Amino acid sequence: FLGLLKRELERRGVGNVDLMLCDATCFENSLSRHVAVSNTPFNLSSVLIVRLCYDLGLEEAFLGVQKEVADRVLASEGSRNYGRLSVIARLCYDAERLFDVSPYSFYPRPKVYTSFLRLVPRRDRDLEEVRVVEEFTRRVFPYINRKIARALEFGLQVDRRATRELLESCNISEEKRVRELSPREVACLAKKSLESHLF
């Protein structure tokens, strides 16, 4: 397939494309400006979306992912699709769904619809913050339907006093549920948790 694609690009006079056959989750980040285009393996979609956040040369990415993953990337706090990926993606990208593709457009036919996303890295993204948020959400977001106070106790294994202080430092109500936290609120909790050596 790679040879066929290379010949087609040459035939059309497209010379500014580097084709790479590799594990997309392990490629080296580049400081040179580039665009990523992939119809991603469905089992790697979430991993690749997070991985690309750290690619400093990335100008934009066009990714084919399962519709469910696109729904999670684009989800707002409080919605049923909101989760870890939503938080990380919103801290990293301005994202939009370009179009959906029916399973009948592929062979072999997948069981789900594909959505094509355009991801433009946010200029204000803080990669150290994203690293901390990744670890924090790994611990706390398994309790996404719980009130944040209880989720912090379980996820960070801290007592009620530490939980209360942490929430007060970010001006977040103990009654709020994890799925209702905005990405900025999650980032605040993650940063304050790290500063307090809670993980």
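Under this note's numbering, residues 115 to 313 are what the sequence shown spells out, in order. Cβ coordinates follow ideal geometry from the N, Cα and C atoms, glycine included. Here the structure is a predicted model, which means the values were calculated and not measured.
For Glu210 and Ser200, the gap between their C-alpha atoms comes out near 13 Å. Around Ala184, the same chain offers Arg211, Ser229, Leu231 as residues with beta carbons nearer than 7 Å, after the five sequence neighbours per side are excluded. Taking every protein chain shown into account, the CB of Gly269 has 16 or more other CB atoms within 10 angstroms, so this residue is buried.
Three or more beta-carbon pairs separated by less than 8 Å are not found between the stretch 248 to 263 and the stretch 169 to 187, which leaves the two stretches without contact. A direct Cα-to-Cα measurement between Val187 and Arg236 gives close to 14 Å. Collapsing the DSSP output to three states places Asp208 in a strand. For Asp169, the secondary structure class from DSSP, reduced to helix, strand or coil, is coil. Here Leu118 is exposed. Its C-beta has fewer than 16 other C-beta atoms within 10 Å.
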